[in-house]
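Residues 6 to 251 in the working numbering are what the sequence shown spells out, letter by letter. Glycine included, C-beta positions come from ideal geometry on N, C-alpha and C. Shown next, in structure tokens, is the structure this report addresses.
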Amino acid sequence: MNQQTLILDLDDTLIHCSKYFIRSKNQFAEQMQDWFDFLSKDEILQKQLEIDVKNVDKHGLHSSLYPESFVLTYKYFCVKYGRALKKSEIELVRKMGQEVFELEVQPFPYVYDVLDSLLEDGHRLYLFTGGDKKNQRRKINQLGLDRYFEDRVFIHEHKNSTTLKKVLNRIECEKKSTWMVGNSLKTDVKPAIELGINAIHIPSDFEWSYNIIDLEIEPKGTFAELESLLQLPVYLRDYAFIHEAI
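Okay, structure coming up:
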């Protein structure tokens, strides 16, 4: 079949990610309510989200920003309600945020079968993931994904059109046979459409609001939405069959 160049996202596309953060945020909110029993869980989570998204927009997806958002949320409510800041409490909430980056990550159960199928079908696989190199490499190595991507791994703290363009320049691919595959409309799909390559959106069951945007760009290539990564090999086979027939 026709060989396609597939640029795959990592977090919430190949492996679980958001569910760990949701659990972490809920634990943080519960701890905050022990100190501020008049605050609702939603108030706490909304302020943490506001701070986190602002920092990510400005500084990128470095893992240090998440625990810092817990600290800044704690400090915000302490200042607002006149509660004394305590070093022990700051250390506690920072540790709560850091623990999410120390968990043993889990792949989606079908990931290896899908990647094997894509390689067997002759596709070229690349990994393009957002975050700091240390944390993302930890996950890639832990799950043995190097055997599928080898040195074709691109890690950037800012995941957008600028960094995707750098990836495309490095791999020297044809736009019409190149696909960005991921769960994020903001960091996967939108950059792909802006750069004129094909895009496949695979929504996550647990989506970070940062990733949710309205797409107001007309795709020049093919844009598809699949329910699961499991559908990707068959979708590409059908795509190749149709285009060969044409």
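Q. Considering only the beta carbon of each residue, do Phe-133 and Asp-14 sit closer than 8 Å?
A. yes
Q | Among Leu-148, Pro-224, Lys-30, Val-172, the one whose alpha carbon lies nearest that of His-163 | A | Val-172
Q) Are the Cβ atoms of Lys-80 and Leu-90 separated by less than 8 Å? A) yes
Q.
Using 8 Å for Cβ pairs, my map puts Ile-207 next to Val-110. What's the rounded Cβ distance?
A. Contact flag wrong, Cβ pair sits at about 18 Å.
Q) Does the beta-carbon distance from Ala-34 to Leu-50 come in below 8 Å? A) yes
**Q.** Three-way DSSP call (helix, strand, coil) for Thr-18 in this model
**A.** coil
**Q.** With 16 other Cβ atoms within 10 Å as the buried cut-off, status of Asp-1
**A.** What the structure shows of the chain is the stretch from 6 to 251, and residue 1 is not part of that stretch, so it cannot be assessed.
Q: Assess, as a yes-or-no matter, whether the region 136–150 is touched by the region 167–182 under the definition of 3 or more beta carbon pairs within less than 8 Å.
A: no
Q. Taking the C-alpha atoms as reference points, what is the distance between Arg-157 and Met-101?
A. 33 Å
Q. Using the rule of at least 16 other Cβ atoms within 10 Å of the residue's Cβ for burial, across every protein chain shown, is Lys-52 buried or exposed?
A. By the neighbour-count rule (16 or more Cβ atoms within 10 Å), Lys-52 is buried.
Q: Give the straight-line distance between the Cα atoms of Leu-237 and Ser-182, rounded to the nearest whole angstrom.
A: 15 Å
Q) How close, in whole Å, do the beta carbons of Val-116 and Leu-234 come, if the pair is a contact with beta carbons under 8 Å? A) The C-beta distance from Val-116 to Leu-234 rounds to 7 Å, short enough to fall under 8 Å.
Q) How big is the Cα-Cα spacing for Glu-73 and Asp-126? A) 44 Å
Q: Answer with buried or exposed for Thr-227, where buried requires no fewer than 16 other C-beta atoms within 10 angstroms of its C-beta.
A: exposed
Q: Measure the C-alpha to C-alpha separation of Ser-209 and Lys-92 and round it to an integer number of angstroms.
A: 37 Å
Q. What does DSSP give as the partner residues of Pro-112 in its beta bridges?
A. Ile-20
Q. Looking at C-alpha atoms only, which residue of Ile-222, Lys-180, Tyr-240, Glu-221 is the closest neighbour of Glu-230?
A. Tyr-240
Q. Near Glu-94, which residues of its chain fall below 8 Å by C-beta distance, leaving aside the five closest residues on each side in sequence?
A. Trp-40, Tyr-79
Q. Where does Gly-201 land, buried or exposed, given buried means 16+ other C-beta within 10 angstroms?
A. exposed
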